[in-house]
Amino acid sequence: MSTSRTIICLLRNDLRLHDNELFHWAQRNAEHIVPLYCFDPRHYMGTYNYNLPKTGPFRLRFLLDSVTDLRNTLHNKGSNLVVRRGKPEDVVADLIKQLGSVSTVAFQEEITSEELNVEKKVKDVCAQMKVKVHTCWGSTLYHRDDLPFHHMSRLPDVYTQFRKAVETQSRVRPEFPTPEQLKPLPSGLEEGAIPTAEDLQQTEPVADPRSAFPCTGGESQALGRLKHYFWDTDAVATYKETRNGLIGVNYSTKFAPWLAMGCISPRYIYHQIQQYERERTANQSTYWVIFELLWRDYFKFVAVKYGNRLFQLKGLQDKSVPWKKDMKLFNAWKEGCTGVPFVDANMRELAMTGFMSNRGRQNVASFLTKDLGLDWRMGAEWFEYLLVDHDVCSNYGNWLYSAGIGNDPRENRKFNMIKQGLDYDNNGDYVRQWVPELQKIRGADVHTPWTLSSAALSHAHVSLGETYPTPIVIAPEWSRHVNKKPSGTGPSPRGKKGPSHTPKQHRDRGIDFYFSKSKNL
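Residue numbers for the sequence shown follow this note's numbering, so the first one is 17 and each next one is one higher.
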């Protein structure tokens with residue numbers, strides 16, 4: 017084939033054209049560019065400890081949509097996305113042989129061990145075949161090289177210290193421009209079919225009308241979501257008040273799934289916020305979007321600092337906790353059959369839609385680790401399987417926090433399921449939406465069906481242990497809140513009819529549980 021200079025851009029979690037250094041660099045250094053995505057069979061096997069499926073139906077559907085969207089985008093720029101099924105190191109070796117003109121293989125660096133192993137194997141193949149490797153860093157808001165710490169070992173173990181340091185001493189780099197046209201593929205190269213879910217031994221997900229994330233994957237959809245949330249509705253201007261919501265699409269940005277696959281760049285979001293603040297309004301809500309992007313950065317840099325300790329039972333503190341591995345309790349948790357309605361509603365939402373609110377995630381993680389005392393990795397791997405927005409660093413980092421073995425030893429607290437349910441679903445609408453067998457229990461009583469009289473249960477057609485489980489655990493501190501429930505009249509501020517609003521007295525609870533010194537959550 018051709019002897020001209022060809023660069024393979026191996027894409028993984030960077031499925032976009034905007035602000036993508038790989039395309040920017042290749043465009044300046046190649047005559048032909050091969051944008052390549054590999055469906056790596058290792059992504060469709062079992063998780064490390066509990067052999068749960070590694071990629072569930074919602075994330076796979078989102079990935080297939082994202083790959084299809086990128087192919088369309090590249091097509092419109094005079095290029096295409098080459099798709100192959102196989103291990104990237106094998107696919108790259110085959111393409112180098114087939115094309116005979118490859119000068120460089122370029123990819124964005126990842127952070128955790130499975131991805132780093134792939135990078136090492138690709139580098140080994142390139143070294144054997146005398147092909148250069150070019151890498152870049154592009155998954156975080158702040159570039160790794162711009163952090164104000166001399167070495168990653170000096171990364172603070174407290175988020176607030178990290179945040180203050182980068183906000184005062186670092187700057188966010190400008191975006192890379194989006195190329196108008198891309199250098200073409202070498203002639204005669206097959207594009208390759210995008211597989212179906214069935215091809216990858218996964219089922220096609222069923223859309224649920226109750227979903228808080230009824231969105232599809234892809235860069236076009238991600239940019240459209242930002243335009244909608246910022247410029248069309250101004251929802252971003254009330255984000256800090258609404259982000260602890262439970263029902264509906266607009267209570268939070270919902271950028272996470274697109275960020276996880278790299279369909280949208282964190283720098284693009286940042287610069288759009290800056291523009292919004294100049295042209296519309298700047299307030300705590302607009303800042304809070306950046307605050308959350310910084311949490312995402314922090315978890316990535318923590319993973320760089322600690323390596324595989326992120327996945328180990330003892331966590332970052334090397335702390336021995338007598339975790340249980342009771343499959344009966346775990347199955348009740350994952351199936352949403354614990355008998356604790358706020359937990360069950362969240363777990364069922366996850367199973368049916370691949371999504372769960374931030375508030376829900378903190379609660380079900382606390383319930384699994386603190387109320388049930390189960391191995392936190394069971395929960396982390398279940399989330400890895402089902403979450404449409406699974407990001408390995410954020411998921412495992414958050415689970416370590418919940419388990420009390422993260423990098424900040426102060427963060428060891430337990431959530432009170434009943435208090436949380438009453439605070440964030442005070443009329444019970446969210447529970448009734450996802451636990452229909454409790455639909456006839458009115459108001460806040462739905463959070464504690466086991467405290468109701470047999471007459472009240474019978475009136476609501478609920479039979480504990482038959483139509484709905486009795487609780488698998490009752491924490492003593494719950495009783496403090498059973499008698500404080502609001503009456504079951506009046507509409508809930510989180511009902512289906514409008515956006516959810518955090519009750520005034522809890523507005524700053526959302527400084528997530530990371531900053532609260534109060535243990536009474």
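Note that the Cβ used here is the ideal one computed from N, Cα and C, for glycine as well.
Which of helix, strand or coil DSSP assigns to residue i
| i | result |
| --- | --- |
| residue 534 | Unreliable placement is indicated for residue 534, whose pLDDT of 38 sits below 50; the coordinate value is still reported in the next sentence. Here residue 534 sits in coil by DSSP. |
| residue 504 | Note that residue 504 scores 47 on pLDDT, short of 50, meaning its location in the model is unreliable and no value can be drawn from it. |
| residue 27 | strand |
| residue 124 | strand |
| residue 22 | strand |
| residue 231 | coil |
| residue 465 | helix |
| residue 34 | coil |
| residue 289 | helix |
| residue 66 | coil |
| residue 112 | helix |
| residue 52 | strand |
| residue 335 | coil |
| residue 513 | Caution applies to residue 513, whose pLDDT of 35 falls short of 50 and renders its modelled position unreliable; the value that the coordinates give is listed next. DSSP places residue 513 in coil when its eight states are reduced to three. |
| residue 245 | helix |
| residue 87 | helix |
| residue 100 | strand |
| residue 119 | strand |
| residue 270 | coil |
| residue 254 | helix |
| residue 329 | coil |
| residue 356 | coil |
| residue 484 | strand |
| residue 489 | coil |
| residue 409 | helix |
Beta-carbon spacing of residue i, residue j below 8 angstroms
| i | j | result |
| --- | --- | --- |
| residue 185 | residue 154 | no |
| residue 433 | residue 349 | no |
| residue 381 | residue 336 | no |
| residue 284 | residue 246 | no |
| residue 120 | residue 49 | no |
| residue 226 | residue 329 | no |
| residue 35 | residue 191 | yes |
| residue 440 | residue 375 | yes |
| residue 128 | residue 319 | yes |
| residue 358 | residue 437 | yes |
| residue 194 | residue 33 | yes |
| residue 280 | residue 238 | yes |
| residue 182 | residue 310 | yes |
| residue 340 | residue 389 | yes |
Cut-off 7 angstroms between Cβ atoms - residues of its own chain near residue i, not counting five sequence neighbours on either side
| i | result |
| --- | --- |
| residue 406 | 75, 276, 399, 400 |
| residue 516 | With a pLDDT of 39 at residue 516, under the threshold of 50, the modelled position of this residue cannot be trusted; read the value that follows with caution. Around residue 516: 258, 261, 262, 263, 264, 267, 509, 510. |
| residue 20 | 47, 48, 117 |
| residue 251 | 245, 266 |
| residue 314 | 175, 178 |
Own chain partners of residue i with C-beta closer than 6 angstroms, once the 5 adjacent residues on each side are dropped
| i | result |
| --- | --- |
| residue 99 | 53, 208, 210 |
| residue 165 | 171 |
| residue 624 | For residue 624 there is no data in the structure shown, the boundaries of the chain being 17 and 537. |
| residue 18 | Only weak support exists for where residue 18 lies, its pLDDT of 47 falling under 50; the value from the coordinates is given anyway. These residues qualify, in order along the chain: 117, 202. |
| residue 236 | 85 |
| residue 13 | Residue 13 lies beyond the residue range present for the chain, which begins at 17 and ends at 537; the question has no answer from this structure. |
| residue 221 | 73, 74, 77 |
| residue 536 | The predicted position of residue 536 is uncertain, since its pLDDT is 49 and thus under 50; a value taken from the coordinates is nonetheless stated next. No residues qualify anywhere along the chain. |
Residue closest to residue i, alpha-carbon to alpha-carbon, out of the options
| i | options | result |
| --- | --- | --- |
| residue 386 | 420, 411, 364 | 420 |
| residue 103 | 285, 404, 28, 250 | 28 |
| residue 234 | 196, 274, 270, 451 | 274 |
| residue 95 | 196, 475, 375, 141 | 196 |
| residue 467 | 384, 443, 150, 356 | 356 |
| residue 215 | 435, 479, 499, 57 | 57 |
| residue 149 | 136, 160, 43, 156 | 136 |
| residue 384 | 365, 360, 368, 367 | 360 |
| residue 68 | 477, 492, 347 | 347 |
| residue 253 | 453, 298, 340 | 298 |
| residue 187 | 152, 158, 43 | 158 |
| residue 105 | 43, 453, 147 | 147 |
| residue 368 | 454, 463, 224, 332 | 224 |
| residue 452 | 242, 87, 352, 111 | 352 |
| residue 205 | 424, 278, 286, 112 | 112 |
Own chain residues within Cβ distance below 8 angstroms of residue i, not counting five before or after
| i | result |
| --- | --- |
| residue 512 | Residue placement at residue 512 cannot be trusted, given a pLDDT of 35 that sits under 50; what the coordinates show is reported in the next sentence. 263, 264, 445, 449, listed in sequence order. |
| residue 317 | 156, 160, 163, 168, 171, 178 |
| residue 504 | Confidence is the limiting factor: at residue 504 the pLDDT is only 47, short of 50, which leaves the residue's position unreliable, though a coordinate-based value still follows. Excluding sequence neighbours, residue 504 sits near 443, 444, 458, 459, 460, 461. |
Short CB-CB distance (under 8 angstroms) between residue i and chain B
| i | result |
| --- | --- |
| residue 183 | Structure shown: chain B not included; a single protein chain is present. |
Rounded distance between the beta-carbons of residue j and residue i, thought under 8 angstroms
| i | j | result |
| --- | --- | --- |
| residue 403 | residue 411 | 7 angstroms |
| residue 228 | residue 373 | 7 angstroms |
| residue 231 | residue 199 | So it is not a contact: roughly 32 angstroms between Cβ atoms. |
| residue 138 | residue 108 | 6 angstroms |
Heavy atom of the ligand FMN within 7 angstroms of residue i beta-carbon
| i | result |
| --- | --- |
| residue 495 | Among the components of this structure there are no ligands whatsoever, and the ligand FMN is therefore not found. |
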